[in-house]
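Note sheet for the following structure.
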Ligand code: UDP
Ligand code: MG
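In this note's numbering, the protein residues as written are 576 to 901.
Rendered as structure tokens:
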């Protein structure tokens with residue numbers, strides 16, 4: 576683009592062919608009315624329903640569309656990651672492709688960023704149009720995440736968010752970490768995190784791409800994120816500490832056993848009824864020592880892996896990119 580866009584709309588999608596034309600038209604209407612230079616970045620996360628053909632057709636008519644297509648389904652996090660890397664706007668807005676998020680929120684979100692200088696603002700689907708099986712566990716999920724991260728948001732996983740460009744670019748989203756973007760931003764040092772109540776619509780076309788397993792995965796991701804965030808570059812400090820404690824405990828028990836033996840047979844000169852190796856405590860000590868040692872090995876392996884840490888590499892099979900459109 577000759578003028579770099581003011582806003583980039585990043586849209587991850589997986590089999591959302593029916594929604595795309597309506598979504599694109601709506602976003603275009605909103606942004607053209609504002610007269611803001613913009614770009615829409617579609618990231619097709621390996622759709623098999625012809626979404627890419629729809630995007631190609633839309634891009635023919637709208638020069639503000641850029642798009643990337645994955646070879647296979649890598650997940651929403653990967654799609655967002657690629658979208659963020661390519662976005663050129665001053666503000667980056669993410670939005671689901673299924674018309675559940677409203678493009679009418681774009682302008683108020685940008686204004687709020689401008690006025691209040693946030694690093695990121697997360698949408699809050701206060702009135703949510705999803706089945707109870709989703710909204711109820713979601714409340715629990717958000718409560719736990721609030722407690723663990725200390726960020727007072729109601730709706731961490733809302734697809735509708737706005738970032739200052741610098742913030743989005745600083746996030747390296749992998750696995751299924753898209754549920755914790757505000758936490759990742761905070762850990763990257765961007766602490767001005769806002770929240771805005773946003774409109775939410777029932778899904779109009781297609782089906783949800785996330786089942787109930789999202790909550791188990793989400794919880795496991797939260798634990799590993801907290802772990803990775805603290806020990807990423809020093810896994811030995813985690814494993815080694817536990818290993819060391821267990822090892823010391825084992826040595827303590829052995830010292831106690833040997834001490835008893837020495838005390839009874841040499842000091843008191845009495846016959847000890849049971850040999851050291853006949854006592855349960857001895858085996859507890861043995862097991863503890865072995866587990867402790869294993870944890871040390873885990874620590875070393877962790878260090879080895881961390882020292883080679885590489886990122887996921889996505890295979891982008893096609894792109895509609897406009898480095899310098901006419
Ligand atoms: N999505 C994606 N890759 C996936 C799963 C989902 O890009 O593997 C997209 C999906 O197309 C939609 C957004 O992520 O644009 C949110 O997904 P969905 O609407 O299914 O989630 P829900 O609204 O049910 O939480
Ligand atoms: Mg949805």
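Using N, Cα and C, we set each Cβ at its ideal position, and we do this for glycine too.
Computed from a predicted model, the values in this text were never measured in an experiment.
heavy atom of the ligand UDP below 7 angstroms from residue i C-beta
i: residue 666; result: no
Closer than 7 angstroms: residue i CB and nearest the ligand MG heavy atom
i: residue 778; result: yes
Cut-off 7 angstroms between Cβ atoms - residues of its own chain near residue i, not counting five sequence neighbours on either side
i: residue 795; result: none
i: residue 743; result: 659, 662 and 667
i: residue 691; result: 769
i: residue 647; result: 621
i: residue 729; result: 699, 717 and 770
i: residue 594; result: 672, 673, 674, 779, 780 and 781
i: residue 907; result: Any answer about residue 907 is impossible in this case: the structure gives the chain only from 576 up to 901.
i: residue 760; result: 694, 695, 742, 746 and 768
i: residue 784; result: 589
i: residue 624; result: 590 and 592
i: residue 877; result: 810, 811 and 814
Buried versus exposed, by CB contacts within 10 Å (16 or more), residue i
i: residue 698; result: buried
i: residue 900; result: Note on residue 900: pLDDT 48, under 50, position unreliable in the model; no value is reported.
i: residue 789; result: buried
i: residue 686; result: exposed
i: residue 689; result: exposed
i: residue 846; result: exposed
i: residue 823; result: exposed
i: residue 575; result: In the structure displayed, the chain extends from 576 to 901; residue 575 sits before or after that span and is not available.
i: residue 606; result: buried
i: residue 842; result: exposed
i: residue 702; result: exposed
i: residue 696; result: buried
i: residue 711; result: exposed
i: residue 830; result: exposed
i: residue 821; result: buried
i: residue 715; result: exposed
i: residue 652; result: buried
i: residue 840; result: exposed
i: residue 756; result: buried
i: residue 882; result: exposed
i: residue 892; result: exposed
i: residue 816; result: exposed
i: residue 724; result: buried
Whole-number beta carbon distance between residue j and residue i, since they are thought to touch under 8 angstroms
i: residue 597; j: residue 674; result: 6 angstroms
i: residue 583; j: residue 616; result: 6 angstroms
i: residue 645; j: residue 610; result: Going by Cβ atoms, the distance from residue 645 to residue 610 rounds to 33 angstroms, so no, they are not a contact pair.
i: residue 735; j: residue 680; result: 6 angstroms
i: residue 591; j: residue 786; result: Their Cβ separation, rounded to whole angstroms, is 17 angstroms, which puts residue 591 and residue 786 out of contact at 8 angstroms.
i: residue 791; j: residue 758; result: With a Cβ gap of about 18 angstroms, residue 791 and residue 758 do not count as contacting.
i: residue 814; j: residue 871; result: 7 angstroms
i: residue 694; j: residue 628; result: That belief does not hold up - the Cβ atoms of residue 694 and residue 628 are roughly 37 angstroms apart, past 8 angstroms.
i: residue 626; j: residue 776; result: Not a contact, Cβ separation roughly 19 angstroms.
i: residue 649; j: residue 889; result: 6 angstroms
i: residue 867; j: residue 827; result: Rounded, the Cβ-Cβ distance is 12 angstroms, inconsistent with contact.
i: residue 825; j: residue 873; result: That pair is no contact at about 17 angstroms.
Own chain partners of residue i with C-beta closer than 6 angstroms, once the 5 adjacent residues on each side are dropped
i: residue 618; result: 587, 643, 654, 657 and 658
i: residue 732; result: 754
i: residue 612; result: 578, 580 and 581
i: residue 763; result: 745
i: residue 793; result: 716 and 754
i: residue 804; result: 762
i: residue 601; result: 678
Cβ-based neighbour list, residue i, same chain, cut-off 8 angstroms, excluding 5 preceding and 5 following
i: residue 683; result: 771
i: residue 833; result: 851
i: residue 836; result: 847 and 851
Contact with chain C by residue i, beta-carbon distance below 8 angstroms
i: residue 698; result: Looking at the structure shown, chain C is missing, and only one protein chain is on hand.
Handout entry: Closer than 6 angstroms: residues whose CB approaches a heavy atom of the ligand SAM
Key = By its list of ligands, the structure shown excludes the ligand SAM, since it contains just the ligand UDP and the ligand MG.
Exercise for the section: Would you be able to state if there are at least three C-beta pairs under 8 angstroms between the region 735-742 and the region 657-669? Expected result: yes
Handout entry: Segment contact flag, the region 798-809 with the region 709-722, C-beta cutoff 8 angstroms, min 3 pairs
Key = no
Exercise for the section: Answer yes if the region 701-715 comes into contact with the region 740-758, meaning at least three C-beta pairs across the two stretches below 8 angstroms, and no otherwise. Expected result: no
Handout entry: Three CB pairs or more closer than 8 angstroms across the region 806-815 and the region 855-868
Key = no
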